[in-house]
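Trainee:
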Amino acid sequence: MRLEDHVAIITGGARGIGRGIALRFADEGANVVIAELDEETGRATASEVEAKGRRALVVGCDVTNPSDVQAMVDATLAEFGQIDILVNNAGLGQQVIEVVDLDVAEWDRVMSVNITGVFGGSQAVAREMMRREYGKIINISSVNGVSAPPLVAAYNASKWAVLGFNKTLAIELAPYKINVNAICPGPVDTDFQKANMSERAAVMGIEVSDLRERLRQSVPLQRWTRPEDLAAAATFLASQDSVHMTGEHLIVSGGLSGVSGVAPKRKSSS
Ligand SMILES: NC(=O)c1ccc[n+]([C@@H]2O[C@H](COP(=O)([O-])OP(=O)(O)OC[C@H]3O[C@@H](n4cnc5c(N)ncnc54)[C@H](O)[C@@H]3O)[C@@H](O)[C@H]2O)c1
1 MRLEDHVAII
11 TGGARGIGRG
21 IALRFADEGA
31 NVVIAELDEE
41 TGRATASEVE
51 AKGRRALVVG
61 CDVTNPSDVQ
71 AMVDATLAEF
81 GQIDILVNNA
91 GLGQQVIEVV
101 DLDVAEWDRV
111 MSVNITGVFG
121 GSQAVAREMM
131 RREYGKIINI
141 SSVNGVSAPP
151 LVAAYNASKW
161 AVLGFNKTLA
171 IELAPYKINV
181 NAICPGPVDT
191 DFQKANMSER
201 AAVMGIEVSD
211 LRERLRQSVP
221 LQRWTRPEDL
231 AAAATFLASQ
241 DSVHMTGEHL
251 IVSGGLSGVS
261 GVAPKRKSSS
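Quick note on numbering: the sequence shown equals residues 1 to 270 in our numbering.
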């Protein structure tokens, strides 16, 4: 096991990608703190962690609220006495709309969770990690943080911002031997992505099933990304295997981020 007795805080860890990371970290020996708006779903995920023989704590937390974030740190230290890993995963999608029609309130809503939440969580946890001169911070960006699909400008900007913040934090925390890295997931079939797909299909005037299939076909490895794919990358970044990496980002998208054409069909003989 690569994370034996480590303590990991995962924001938005109740469902989707965060849940996938929580379960894999538990498999790797970690105790898990789920910092969530949705405490009820968080408790269900915590039970799954406990069923793997690990300890779990659910903390009600809105990552946009500094006092909630400090309470998350305090509750973790009270329960476990240390914080080894922070995964800034909590995030949300935006209304699918052109920039010229995008309301500033919607822009602010997306930014407050997707980048201000990453800043707040990192700041509160870094202070504790600096004291111990040990820690791993993993920021969840997106393929939209290295590309720019239309109709979701606020989301794209928030995910590019995560990568800029990731690099600055990495340099500032390097003297304390704290590793700060990001993951850029391709599309994962979570609640957030389901809502995005149906809104986008409606705007484009096509069936959501057609849009989903088009997206799948545009992925060189020919499938959507799964929480397990991201949990594997997060485990690497949370472990000492990545000790000489900081300020980097791993793109886990089946090759989608590099697409500038269509892959040739397989040769019939191979
Ligand atoms: N699903 C995808 O296709 C995809 C692709 C790339 C990146 N991402 C990113 O991955 C992360 C997780 O996304 P997901 O698809 O698992 O979404 P999801 O909606 O399935 O889960 C997000 C979780 O975050 C929690 N959350 C939302 N706002 C919060 C807040 N203010 N404070 C605390 N918790 C909050 C929700 O309650 C939920 O449990 C997000 O940062 C998202 O932008 C997702």
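Cβ coordinates follow ideal geometry from the N, Cα and C atoms, glycine included.
Residue range of the alpha helix (DSSP H) that Ile171 falls in?
Mentor: Start at 1 with the first residue of the sequence shown, and residue 171 comes out as number 171. That run of the alpha helix (DSSP H) goes 153-173.
Trainee: Could you check where the beta strand (DSSP E) with Ile137 kicks off and where it finishes?
Mentor: As a position in the sequence shown, residue 137 is number 137, starting the count at 1. Per DSSP, Ile137 belongs to the beta strand (DSSP E) from 135-140.
Trainee: Tell me the rounded alpha-carbon separation between Val99 and Ala154.
Mentor: As a first step, residue 99 must be located in the sequence shown, where it is residue number 99. As a first step, residue 154 must be located in the sequence shown, where it is residue number 154. Distance between the alpha carbons of Val99 and Ala154: 8 Å.
Trainee: Determine the direct distance from the alpha carbon of Arg55 to that of Met130, and round the result to whole angstroms.
Mentor: Counting from 1 along the sequence shown, the entry for residue 130 is found at position 130. Counting from 1 along the sequence shown, the entry for residue 55 is found at position 55. Approximately 24 Å between the Cα atoms of the pair.
Trainee: Would you check whether ligand 1 has a heavy atom nearer than 8 Å to the C-beta of Pro185?
Mentor: Counted from its first residue, the sequence shown places residue 185 at position 185. Yes, Cβ of Pro185 sits closer than 8 Å to a heavy atom of ligand 1.
Trainee: Measure the alpha-carbon distance for Val69 versus Asn89 and round it to whole angstroms.
Mentor: As a position in the sequence shown, residue 69 is number 69, starting the count at 1. As a position in the sequence shown, residue 89 is number 89, starting the count at 1. Rounded to whole angstroms, Val69 to Asn89 spans 14 Å at the Cα level.
Trainee: Hey, could you find the ends of the alpha helix (DSSP H) Leu211 is sitting in?
Mentor: The residue given as residue 211 occupies position 211 in the sequence shown. Counting along the chain, the alpha helix (DSSP H) containing Leu211 begins and ends at 208-218.
Trainee: Leaving aside the five residues before and after Lys177 along the sequence, list all residues of the same chain whose C-beta is less than 6 Å from its C-beta, in chain order.
Mentor: As a first step, residue 177 is located in the sequence shown; it is residue number 177 there, counting from the start. Here the set comprises Glu133.
Trainee: Flag Asn89 as yes when its Cβ comes closer than 8 Å to any non-hydrogen atom of ligand 1, and as no otherwise.
Mentor: The count along the sequence shown starts at 1 and reaches residue 89 at position 89. Yes, Cβ of Asn89 sits closer than 8 Å to a heavy atom of ligand 1.
Trainee: On the three-state DSSP scale, how would you describe Val118?
Mentor: The residue you call residue 118 lines up with position 118 of the sequence shown. In the structure shown, Val118 sits in a helix (DSSP, three-state: H, G or I).
Trainee: Looking only at its own chain, which residues have a Cβ that is under 6 Å from the Cβ of Lys159, when we skip the five neighbours before and after it?
Mentor: Reading the sequence shown from its first residue, position 159 is the one you call residue 159. Excluding sequence neighbours, Lys159 sits near Ser141, Ser142, Asn144, Gly145.
Trainee: State the Cα-Cα distance for the pair Val63 and Asp189, rounded to the nearest angstrom.
Mentor: What you label residue 63 is simply residue 63 of the sequence shown in a count that begins at 1. What you label residue 189 is simply residue 189 of the sequence shown in a count that begins at 1. Rounded to the nearest angstrom, the two C-alpha atoms are 23 Å apart.
Trainee: Quick one: Cα of Asn65 to Cα of Ala124, how far?
Mentor: The residue you call residue 65 lines up with position 65 of the sequence shown. The residue you call residue 124 lines up with position 124 of the sequence shown. Roughly 12 Å between the two C-alpha positions.
Trainee: Taking C-alpha atoms, which residue in Ser47, Leu211, Trp107 lies nearest to Arg19?
Mentor: By one-based count along the sequence shown, residue 19 stands at place 19. Answer by Cα proximity: Ser47.
Trainee: Inspect the beta-carbon positions of Asn166 and Ala182 and report whether they are closer than 9 Å.
Mentor: Counted from its first residue, the sequence shown places residue 166 at position 166. Counted from its first residue, the sequence shown places residue 182 at position 182. Their beta carbons are under 9 Å apart, which means Asn166 touches Ala182 by this criterion.
Trainee: Determine contact between the stretch 23-36 and the stretch 223-241, defined as no fewer than three beta-carbon pairs at a distance below 8 Å.
Mentor: Cβ pair count under 8 Å is three or more, so yes.
Trainee: Let me know if Arg200 comes out buried or exposed under the rule of 16 or more other beta-carbons within 10 Å of its beta-carbon.
Mentor: Position 200 of the sequence shown, counted from the start, is the residue given in the question as residue 200. Buried, since its Cβ has 16 or more Cβ neighbours within 10 Å.
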